[in-house]
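Heads up: the sequence shown at position 42 corresponds to 96 in the working numbering, and the numbers run straight through without jumps.
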Amino acid sequence: MTALSLTNVCKSFGTVEVLKDINMTVEEGEFVVFVGPSGCGKSTLLRVIAGLEDATSGEVEIAGKVVNQTPPSKRGIAMVFQSYALYPHLSVRNNMSLALKQERQSKAVIDERVAEASRMLNLGDYLDRFPSELSGGQRQRVAIGRAIVRQPKLFLFDEPLSNLDAALRMNTRIEIANLHRQLGTSMVYVTHDQTEAMTLADKIVVLRDGRVEQIGSPMELYNNPANQFVAGFLGSPAMNFLPGAIVQDGDKRILGVRPEDLTLNDSGPLEATVSHVEHLGGDTNLIAMAGEHQLTARLFGQHQVEEGRSVRLAYPPEKAYFFDDAGHRLT
Ligand SMILES: Nc1ncnc2c1ncn2[C@@H]1O[C@H](COP(=O)(O)OP(=O)(O)O)[C@@H](O)[C@H]1O
Ligand SMILES: [Mg+2]
55 MTALSLTNVC
65 KSFGTVEVLK
75 DINMTVEEGE
85 FVVFVGPSGC
95 GKSTLLRVIA
105 GLEDATSGEV
115 EIAGKVVNQT
125 PPSKRGIAMV
135 FQSYALYPHL
145 SVRNNMSLAL
155 KQERQSKAVI
165 DERVAEASRM
175 LNLGDYLDRF
185 PSELSGGQRQ
195 RVAIGRAIVR
205 QPKLFLFDEP
215 LSNLDAALRM
225 NTRIEIANLH
235 RQLGTSMVYV
245 THDQTEAMTL
255 ADKIVVLRDG
265 RVEQIGSPME
275 LYNNPANQFV
285 AGFLGSPAMN
295 FLPGAIVQDG
305 DKRILGVRPE
315 DLTLNDSGPL
325 EATVSHVEHL
335 GGDTNLIAMA
345 GEHQLTARLF
355 GQHQVEEGRS
365 VRLAYPPEKA
375 YFFDDAGHRL
385 T
């Protein structure tokens, strides 16, 4: 069964249209990531799914039932926020059991679910602590535990890793992937971070300015972006764009090449002056100017290249992307 389906969903605040005709589905057990720049409407869309905001028009269907008129608590969803939103005066155990007490579940059920969730999240030793006595990563795990004990049909995550430092973000990302594997529950996860989208998603929905730009698996979007925005948003360092690099039938085209597809090659078609070199150990990033356009070449391994030197760069022809002036992909 389809876990979530959005049909022509629009949302305006006053005269400001924030979501414009959103259509997408989440299949049973699927991990779907909404990704896009800050302000593109990701949180608003999640809140419309949760029922914290009403759609201005369109349909929200969860597990085969239209829920536009259903209050959040009856939608079978559980949401995890960036800010954790834990109750400071309640212990970890009580934060996790609160929703179940409100549902009037028996003590036996509550104890069992809290024990199971805290085992999955390695929180067993912290059940009697208060949120102020936990690290940021532990607080976020409590927030996730609070969602798990409710056994929702659909999890909604809004940038859950944004408040964590880089190392913890990576660990927690792997934990969330493992959790999804163990629970098998459908998840919708919002982030502005393309790495989180690429690593976690079965399916990515790229949003820009309240519209869906493209939907597909991480590799589909990476290898076959529909437009310049998607091509530039997924991948790090981002795809290089050289406007006017190619003239075909008198038309100017924008050439797109990913940094990892560029190599130093004396007979390469691109000439550029190295402006900066980043030595990452395993890789070397050359930042170079091709005329007035900046390029990044990600070279495998360690390379000594002087800044200011002129180099030639090559790429396999099949790795070149072309876009028109409006950013549409040309085949
Ligand atoms: N309650 C609101 N009233 C008016 N405008 C809002 C409200 N909530 C969000 N917006 C606007 O909607 C747009 C999308 O916001 P949001 O969904 O939070 O984006 P994202 O989560 O992608 O960063 C922003 O321009 C924001 O200012
Ligand atoms: Mg947001």
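Think of the CB as a built atom: it goes at the ideal place given N, C-alpha and C, for glycine as much as any other residue. Note that this is a predicted model, so its numbers are computed, not measured.
Using beta-carbon positions only, say whether residue i and residue j come within less than 8 Å of one another.
i           : j           : result
residue 145 : residue 182 : yes
residue 125 : residue 104 : no
residue 199 : residue 218 : no
residue 239 : residue 283 : no
residue 324 : residue 338 : no
residue 376 : residue 309 : yes
residue 113 : residue 61  : yes
Going straight from the alpha carbon of residue i to that of residue j, what length do you get?
i           : j           : result
residue 265 : residue 366 : 39 Å
residue 253 : residue 162 : 37 Å
residue 345 : residue 326 : 7 Å
residue 176 : residue 237 : 16 Å
residue 294 : residue 206 : 42 Å
Compute the minimum distance between the beta carbon of residue i and the heavy atoms of ligand 2, and state whether it is under 7 Å.
i           : result
residue 107 : no
residue 65  : no
Would you mind working out which of the options sits nearest residue i, comparing C-alpha positions?
i           : options               : result
residue 288 : 270, 298, 297 and 296 : 270
residue 193 : 207, 331 and 226      : 226
residue 371 : 316, 382, 334 and 347 : 316
residue 233 : 203, 59, 180 and 261  : 203
residue 179 : 164, 153 and 147      : 147
residue 331 : 237, 343, 61 and 224  : 343
residue 381 : 318, 319 and 307      : 307
residue 305 : 379, 129, 286 and 329 : 379
residue 95  : 188, 244 and 333      : 244
residue 311 : 268, 362, 347 and 149 : 347
Strictly under 8 Å for the Cβ-Cβ distance: is residue i near chain B by that measure?
i           : result
residue 343 : No chain B appears in the structure shown, which is made up of a single protein chain.
Taking 7 Å as the cut-off, is the beta-carbon of residue i closer than that to any non-hydrogen atom of ligand 1?
i          : result
residue 93 : yes
residue 98 : yes
residue 70 : yes
Any heavy atom of ligand 4 closer than 7 Å to the Cβ of residue i?
i           : result
residue 212 : By its list of ligands, the structure shown excludes ligand 4, since it contains just ligand 1 and ligand 2.
Next item on the list: Flag this pair as touching only if the stretch 152 to 170 and the stretch 133 to 140 have three or more C-beta atom pairs under 8 Å; answer yes or no.
Entry: Judged by pairs of C-beta atoms under 8 Å, the stretch 152 to 170 does not touch the stretch 133 to 140, as fewer than three such pairs exist.
Check: Should the stretch 352 to 365 be regarded as contacting the stretch 255 to 262, the criterion being three or more beta carbon pairs within less than 8 Å?
Finding: Taking a cut-off of 8 Å on C-beta distances, the stretch 352 to 365 does not touch the stretch 255 to 262, as fewer than three cross pairs fall below it.
Note to self: When you compare the stretch 110 to 127 with the stretch 268 to 282, are there three or more beta-carbon pairs, one atom per stretch, that lie closer than 8 Å?
What the structure shows: With a cut-off of 8 Å, the stretch 268 to 282 and the stretch 110 to 127 do not count as touching, because too few Cβ pairs lie within range.
Notebook entry, point to check: Taking contact to mean at least 3 C-beta pairs separated by less than 8 Å, is the stretch 164 to 172 in contact with the stretch 243 to 253?
Noted result: In short, these stretches do not touch, since the Cβ pair count stays below three.
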